[in-house]
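Visitor: The opening residue of the sequence shown carries number 1 in the UniProt record's numbering; numbering runs sequentially from there.
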Amino acid sequence: MTAREPLRGSCHCGRNQYIIQLPEDVSEHADIYFDSSRDSRRLHGMPLSAWLRVPLNWYQSHTLPYFEDESRATIRRVFSPTHAPHTQRAFCGFCGTPLSFWTDSPNGEAEYMSVTIGSLSGDDQRLLEYLGLLSESEDDEDDEDDEGIQEGQIVDVLDRTTRAPASSPTVIPSDSSTGVSRTYTEGTVAGIPWFEEMIEGSRLGRLMKSRRGYGVSDDQSTSLQWEVSEWTDDGPEGVQPASSSGKRKRGRDTTL
Numbered sequence: 001m002t003a004r005e006p007l008r009g010s011c012h013c014g015r016n017q018y019i020i021q022l023p024e025d026v027s028e029h030a031d032i033y034f035d036s037s038r039d040s041r042r043l044h045g046m047p048l049s050a051w052l053r054v055p056l057n058w059y060q061s062h063t064l065p066y067f068e069d070e071s072r073a074t075i076r077r078v079f080s081p082t083h084a085p086h087t088q089r090a091f092c093g094f095c096g097t098p099l100s101f102w103t104d105s106p107n108g109e110a111e112y113m114s115v116t117i118g119s120l121s122g123d124d125q126r127l128l129e130y131l132g133l134l135s136e137s138e139d140d141e142d143d144e145d146d147e148g149i150q151e152g153q154i155v156d157v158l159d160r161t162t163r164a165p166a167s168s169p170t171v172i173p174s175d176s177s178t179g180v181s182r183t184y185t186e187g188t189v190a191g192i193p194w195f196e197e198m199i200e201g202s203r204l205g206r207l208m209k210s211r212r213g214y215g216v217s218d219d220q221s222t223s224l225q226w227e228v229s230e231w232t233d234d235g236p237e238g239v240q241p242a243s244s245s246g247k248r249k250r251g252r253d254t255t256l
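Right, dumping it as C-alpha cells:
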C-alpha cells in the first residue's frame, strides 16, 4: 500500500502538533462530516463544526513545550462531558484550539479519530478535495456528463484550486493630492476553495464577499481603514431596493 505525504496540523500556538499518514486508498477509510449537534455548538461556540474522520492508526500527535514548567497534561487538555463519558475532546490548554474528537460509541467507532479541519495546515485543507473525501455532484446527470472530461480539464481544476486566492493584497500608488498609499484586499483571505464552492450562491456565501483595505500617508502621520461588504437580498419578484444594494463601513484613525 503506497503512502502519500501526510497531512499536518497544529493548534494556534503550535504546542500541539499532529500528522495523519495517508495510504493510497484514502477515500475508502476516511471521510469529512459537519456537526451541528448541541454539544458541538456549545463546546466550539459556533453553529457548525467541520471534521476529518480517519482510522486511529493513521493519527499521531505530540506536544512541544515552550518552557520547562509546561507538561503534556497542561498543553494537551481532554474534556469528557458528564453525560457522555465515552467521548473525549482534545484542545490546547494555552491557546484553546479544538483539536480532535474520539468516542467508543457506537461499537467500532473507537477505531477512528476525528480532527478539526480548521486545525489542519492551510495547504492540507485545500488538498482534501483531491483525496476524494468530498461528496460528488448530487445530480446523476452531472456524473454522466463528467465521463468525457479530458486530462487537460482535470489539470485546470487542480490549478484553479491550488493557486493563490484571488484575495491577495493589491497596493495602489499614493494619491498625489492626499499622499496616502492604499492597499486593499478583495474577497475572503486564504479561504478554502472547496468550502467556498459549497456555499457559493447561499446567504453565507454572500456574507463572506467583502473588500477590506488600509492606507498610510507618506509621512506616516495619517492612517485609515475601510471595509465594504456586499449584500443582496432578492425581493419577492427579484427587485432590490436601492438602499439594500450594499453596506459600507469606513473608519479613520489620525495620529499626530
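Every residue gets a Cβ at the ideal spot worked out from N, C-alpha and C, and that includes glycine.
Whose C-alpha, out of GLU5, TRP102 and TYR33, is nearest the C-alpha of residue 264?
Guide: Shown here, the chain extends from 1 to 256; a query on residue 264 therefore has no answer.
Visitor: Please specify which runs of the beta strand (DSSP E), each continuous and at least 3 residues long, are wholly inside the stretch 19–69, giving them in chain order.
Guide: 31–35, 49–55 and 59–63
Visitor: Could you say which of THR74, ARG77 and ASP104 lies nearest to HIS86 if we only look at CA atoms?
Guide: ASP104
Visitor: My output table needs one value for PHE94: the three-state DSSP class, helix, strand or coil.
Guide: coil
Visitor: Between GLN220, ARG8 and LEU134, which lies nearest to GLU28 when the distance is taken from Cα to Cα?
Guide: It is LEU134 whose Cα lies nearest to the Cα of GLU28.
Visitor: Tell me the DSSP bridge mates of MET113?
Guide: MET113 pairs with VAL54.
Visitor: List the endpoints of the continuous beta strand (DSSP E) containing LEU120.
Guide: First-last for LEU120: undefined, no H or E at that position.
Visitor: Please name the residue, chosen from PHE34, LEU99, LEU22 and PRO81, that lies closest to PRO55 on a Cα-to-Cα basis.
Guide: Answer by Cα proximity: LEU22.
Visitor: My assumption, with CB atoms under 8 Å, is that GLY132 sits in contact with VAL26. Please give the rounded CB distance.
Guide: 7 Å
Visitor: List the endpoints of the continuous beta strand (DSSP E) containing ARG72.
Guide: It is not in any beta strand (DSSP E) - ARG72 instead sits in the alpha helix (DSSP H) that spans 72–75.
Visitor: By Cβ distance, which residues of its chain are closer than 6 Å to GLY93, with the 5 residues on each side in sequence left out?
Guide: Closer than 6 Å at Cβ, skipping near neighbours: THR74, ILE75 and ARG77.
Visitor: Once DSSP output is grouped into helix, strand and coil, what is the label at LEU7?
Guide: Note: LEU7 maps to strand in three-state DSSP.
Visitor: By the DSSP assignment, the alpha helix (DSSP H) with ILE192 in it spans what residues?
Guide: Unbroken run through ILE192: none, as it is neither H nor E.
Visitor: Please report the straight-line C-alpha distance between GLY152 and LEU127, rounded to a whole angstrom.
Guide: For GLY152, the pLDDT reaches just 39, beneath the cut-off of 50, and the residue's location in the model is therefore unreliable, leaving the point undetermined.
Visitor: Does DSSP classify GLY201 as helix, strand or coil?
Guide: Coil.
Visitor: Would you say SER40 and SER49 are within 8 Å of each other, going by their C-beta atoms?
Guide: yes
Visitor: Going by the DSSP bridge assignment, what does SER100 pair with across the sheet?
Guide: ALA90 and VAL115
Visitor: Check the DSSP bridge columns for ASN16 and list the partner residues they point to.
Guide: THR63
Visitor: Using a Cβ-Cβ cut-off of 8 Å, state whether ARG76 counts as contacting chain B.
Guide: Structure shown: chain B not included; a single protein chain is present.
Visitor: Expressed to the nearest angstrom, what Euclidean distance is found between the alpha-carbon atoms of GLN88 and VAL115?
Guide: Rounded to the nearest whole angstrom, the C-alpha separation of GLN88 and VAL115 is 12 Å.
Visitor: State yes or no: is the C-beta of ARG18 within less than 8 Å of the C-beta of TYR59?
Guide: It is Tyr, not Arg, that sits at residue 18 in the sequence shown. Against a cut-off of 8 Å, the Cβ pair of TYR59 and TYR18 comes out as a contact.
Visitor: Which whole-angstrom value describes the C-beta separation of PHE91 and THR97, a residue pair presumed to lie in contact below a C-beta threshold of 8 Å?
Guide: 6 Å
Visitor: So which of GLU109, ALA84, ASP69 and THR63 has the shortest CA-CA distance to LEU99?
Guide: THR63
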